[in-house]
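This report concerns only the one structure given below.
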Amino acid sequence: MSKTSREDHDDESSLLDIVFSWNLKDVLNDNLYKHKVGKIPETFNSVKEYMNSFIPSLIEETRSDMCSGLKGVSRARFCEIKTVEMDTEFFKPSKNLFYLLTLVNTSDNDDVDKDDVEEGGEIGKSYEPMLGDVIAFTPIRPKCIDDLNSPKNFYHIGYVVRPKRAYDNVIPILSSKLMETKNEYDRSGGVKKLYAVHLMNILTNVRIWKALNSQLEDADMSIIEKVLRPDTKIGRKCQICPSEINVIGTSSIGNMIQSQNLNESQEDAVSSCVSMTKCHHNSTINLVWGPPGTGKTKTVACILFSLLKLRVRTLTCAPTNTAVMAVASRLHSLVKDSLEHESYGFGDIVLFGNSSRMKVDSYLGLKDIFLENRVNNLVKCFAPLGGWKHSIESMIQLIKEPKKLYKLYQKAEGLMPFKDFVKQENSTVEFQYSLYTIRNWLFGDSKTLKEFVNMKYSDIAEKYHSLIESIMTFDQFVKKKYRELKGKLEFCMQTLYTHMPTSFIQISDVRRMTRAFGLLRSLESSLNHVPYRKTLNYSDDDDEEENEEKEILDYLGWPSLERELCVGILTSLSQSVFIPGTNDKHGIEKFCLSNACLIFCTASSSVKLFTKGMTQLKFLVVDEAAQLKECESTVPLQLPGLRHCVLIGDEKQLPALVKSKIAEKTEFGRSLFERLVILGNEKHMLNIQYRMSPSISLFPSEEFYEGKLSDAPILSNLSYNKKILEGEIYGSYSFINVAKGREQIGLGHSTKNTVEAAVISEIVGNLHKEFVRTKKKTSIGIISPYNAQVYEIQEKVKNYTSVSDPDFSLSVRSVDGFQGGEEDIIIISTVRANGAGKIGFLSNRQRTNVALTRARYCLWIVGNGSTLFNSESIWSKLVLDAKKRNCFHNASEDKKLGQVIDDALFEIELLEESASTFKKLSLGSKSEFGGSYSRKSSWNRPRKC
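So the sequence shown is residues 1 to 945, counted in the UniProt record's numbering.
Take a look at the structure:
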């Protein structure tokens, strides 16, 4: 068994070694690390102690995640492997077993089991292993865990070490065992098939492991040293710098901040964070507290925009791609409105990550800053042939000397002066005459050489004429070449001023590009009006060429002044615009990352920035910091040269998800933000909320934010107090008591309440009817803490979720899935209904806070008031508050809802009665055939895994 502490591993060990060391029994053993995982403390004496404290929990969480993947193997995505080859570059027998996989293309494969593909993914869209995936190898499509470990098929896993290679579609993997290499698996039945089944992705955990084990290039611990103990005073003002640095009152930065219409708390937060950059003596960390609806994303965008203006090289990261793209999108919008010219300036901003997961196209404008898109465009622009340099020089030559280029084209097509052509052809004629003399000697047919050549000359002339006819005329050539080069130049110009850092392309160059492109359009317009076609004869006479130049340019219709001006600007651009010496993707990627001012990525993805030669970053902004595991934040916190850090979040909402019950108890999901708050560090609060109607925000503000959260003046507007449906039960804030609700066990042993689901379905139906009548845009969110209830409600309202009208939207998700979201109307299904007041993890304050703060206009809480009131939890207070405010309503008092409740209860009773009858029969009731339906009866279905 692999040890869990850092000292117990040699230099070459890794998290992957530990994962590969587990057998199937180890992975499924929830107590494997029970006595090796300790609680993570709140303070630390050294960086070494700090890093080591997370390692056991990280290993246990990885095991738990893998265990979850194994238990769901029957529903897992899978693919069929076509070939397995040894990766000779890295393969080391008995140590590092690297292989190359190719996959069977299911869309071209008639033998794929349709049911399997439907269960594991869409037909024609089979699973493709991605970087960081852990996969299980099996000769059959597994229906249960036992199919992965049997006498004929021992437990065997692999790890995808690199993305699929684009040039040959090969997937490099590291295997836990030696594999039998096959050029191709026989799919006719002669040889067993081989499948790869997805279990989990541990790329983030592998990156965290590297950070915790000091395996990052040139790691800098200066910021981490600041967060070990409370006595380090992370926000301490520098004793050398002025006591107060107010950026609001300074130059363009202050004007920019003030132009964003920030409230006082937002403005103070921006000023405080930006002022950190003025200090070069002390490393500091700022905490910005952003409760729901307080404009956190807007505040972050203003901080980043200020840092961009100050040219402070900054990394912005968050726990998820969605969170990263949300703030990047807001920043993009802010920057776009300030740009002097189109997209010039976006080259200073880079967003990177896994394109297949990020879905950048769904965010307006993010392709302008997305690294993969940027690199693909710059590769074309930097290409030696067809790129910027080649295109601009060719265009200059075409405008200055079109006939010279045409002659080069003619030569390339085999055209030459007629005399040279005759000379070339005459050698062939003389050879043919030699053959003719032999023929003449044999058959008596005589002609002199001169007669023979004269006879062939007409053939030569006709052949030369055919050659001329086969190539483009001069005007055809010029038009085609011009359009081709103009298109390439337009692409290159837009690529350069959009994707190059502004330190490598000046605004004056961009203005010249705009002017040049206007001139190129004008010249093209003149060219398109050439009145007739003209073929230029081939000539080597320089004097003749000189005499013809003016005639040619006049013929093309290009005004000499316009032409000369265009050539001058293009020549200047070819000399002033810098093109890096590299044109390979890796080199261009490093160039973009090294020279960007603002970089966006997830926290774990920042490992990409630990590269030799990478320009150091000075500032770190972590958005949604309270949702980021502290161990994951150690990745960006070690960036070389990092001086200042801003953590923005709300520890009163949900922390990071932890699957392992053991790791959860160790505080493994706790964020650095939360720990620093626990230690008493000051946090700057954004205290005005713009989302919720005042009747909705009242309880969360008092209960979670000590009454410090105020409503923006705009929320007093009538639209925030409008009634969506008639009846007191449908006010802006309402607790709808379903006293007759019933707890049941649903999908995945989760809890559900079909009576509540029926009530919610009726309410949604009424909302849809109102929408059809008024055509007023409506967005509805239905939240439940239990997955079984989410599924139950989704089934009942599926007719409304499929409504094609974009003005009516309905989303049903868990509380965790709704964090960060908001809708016009939120309906919460609390599910729990029992006499003991037991509500399980519903009592979690952070989860409750998230659920209660998603609505804009209406929040309707559906639940059993008695159960919640007796729970002695946050829900007890909520029910009492609703009663005091006359917002507590019995669903049964509404005629329609009362009927729905009775119908739902009747269905439950029928199902229970039917189940009871079936159970009696299956346990031995005599059949009409005289037998009994025993467990051994052939009437029973065969055992399934």
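For every residue, glycine included, the Cβ atom is placed at its ideal position computed from N, Cα and C.
These numbers were taken from a predicted model, which means no experiment stands behind them.
Selection from the options that minimises the alpha carbon distance to residue i
i            : options                           : result
VAL104       : ASN96, VAL84, GLU490 and PRO93    : VAL84
PHE673       : ILE729, ARG742 and ALA318         : ALA318
LYS298       : TYR482, VAL206, LEU686 and LYS193 : LEU686
ALA596       : LYS618, LEU570 and LYS740         : LYS618
LEU565       : PRO292, ILE399 and ASN799         : ILE399
ILE303       : PHE90, GLN616, THR830 and VAL646  : VAL646
GLY863       : ARG845, LYS884, LYS896 and ILE901 : ILE901
ILE588       : GLY72, PRO163, THR277 and CYS381  : CYS381
residue 1020 : GLU743, VAL206 and SER355         : Here the chain comprises residues numbered 1 to 945, so residue 1020 is not present and cannot be evaluated.
LEU637       : GLY557, PHE610, MET614 and TYR409 : PHE610
LEU725       : LYS776, PRO172 and SER338         : LYS776
LYS82        : ASN153, PRO163 and LYS182         : LYS182
LEU527       : ASP348, LYS883, LYS479 and LEU287 : LYS479
LEU878       : ALA851, SER470 and ASP894         : ALA851
LEU570       : GLU401, PHE44, LEU620 and GLN397  : GLN397
SER175       : LEU100, LYS152 and ARG141         : LEU100
SER265       : GLY290, ASN286 and HIS280         : GLY290
THR502       : HIS341, GLU413 and ALA626         : HIS341
THR204       : ILE157, THR848, VAL134 and GLY158 : VAL134
THR778       : PRO785, LEU880 and HIS768         : HIS768
CYS887       : ILE763, TYR730 and PHE370         : TYR730
PRO172       : GLU225, SER214, LEU97 and ALA219  : LEU97
Inter-residue Cα distance where the pair is residue i and residue j
i      : j      : result
SER574 : MET500 : 15 Å
ARG515 : HIS529 : 22 Å
SER710 : GLU682 : 20 Å
LEU16  : VAL327 : 33 Å
ARG832 : ARG165 : 51 Å
PHE517 : LYS411 : 30 Å
ARG75  : VAL577 : 55 Å
SER843 : SER873 : 6 Å
VAL379 : ARG162 : 22 Å
PHE201 : CYS79  : Sequence inspection shows Asn at residue 201; the Phe mentioned does not correspond to that position. For ASN201 and CYS79, the distance between alpha carbons rounds to 16 Å.
GLY386 : MET66  : 49 Å
LEU523 : GLU401 : 15 Å
TYR532 : LEU339 : Unreliable placement is indicated for TYR532, whose pLDDT of 48 sits below 50; no coordinate value is reported for it.
VAL19  : ALA656 : 22 Å
Outcome for residue i when other beta-carbon atoms lying within 10 angstroms are tallied against a minimum of 16
i      : result
HIS35  : exposed
PRO559 : exposed
ASN377 : buried
ARG77  : buried
ASP113 : Because ASP113 sits at a pLDDT of 44, beneath the cut-off of 50, its placement in the model cannot be relied upon, and the following sentence gives the value as read from the coordinates. Exposed, by the Cβ-count rule.
PRO806 : exposed
ILE42  : Just to set this straight, residue 42 is Glu in the shown sequence, not Ile. Exposed: under 16 other Cβ atoms inside 10 Å.
LEU911 : exposed
ASP115 : Any reading at ASP115 must be qualified, since the residue scores a pLDDT of 42, below 50, and its modelled position is unreliable; the value itself is stated next. So ASP115 counts as exposed.
GLY680 : exposed
ASP110 : Confidence in ASP110 is poor, its pLDDT being 40 and thus under 50, which makes the residue's placement unreliable; the coordinate value appears in the next sentence. The residue in question, ASP110, is exposed, as its Cβ has fewer than 16 Cβ neighbours within 10 Å.
LYS534 : Because the pLDDT at LYS534 is just 46, under 50, the model does not fix this residue reliably, and the point stays unresolved.
Contact under 8 Å by Cβ, residue i with residue j
i      : j      : result
VAL658 : GLU664 : yes
VAL270 : SER306 : yes
ILE696 : LEU868 : no
ILE599 : VAL812 : no
PRO129 : VAL160 : yes
ASN23  : TYR155 : yes
VAL197 : THR102 : no
SER734 : SER693 : no
TYR791 : GLY821 : no
GLU909 : ASN834 : no
ASP368 : SER343 : yes
MET86  : HIS644 : no
LEU520 : LYS486 : yes
VAL635 : SER604 : yes
ALA788 : SER829 : no
- Query: What runs of the beta strand (DSSP E), each 3 residues or longer, lie entirely inside the stretch 647–724?
  - Reply: none
- Task: Run through the UniProt domain "DNA2/NAM7 helicase helicase" (261–383) for me and flag every whole beta strand (DSSP E) of 3 or more residues, listed as ranges in chain order.
- Result: 284–289, 314–318 and 349–351
- Item | Contained beta strand (DSSP E) runs [length at least 3] in the stretch 599–630, N- to C-terminal order | 619–622
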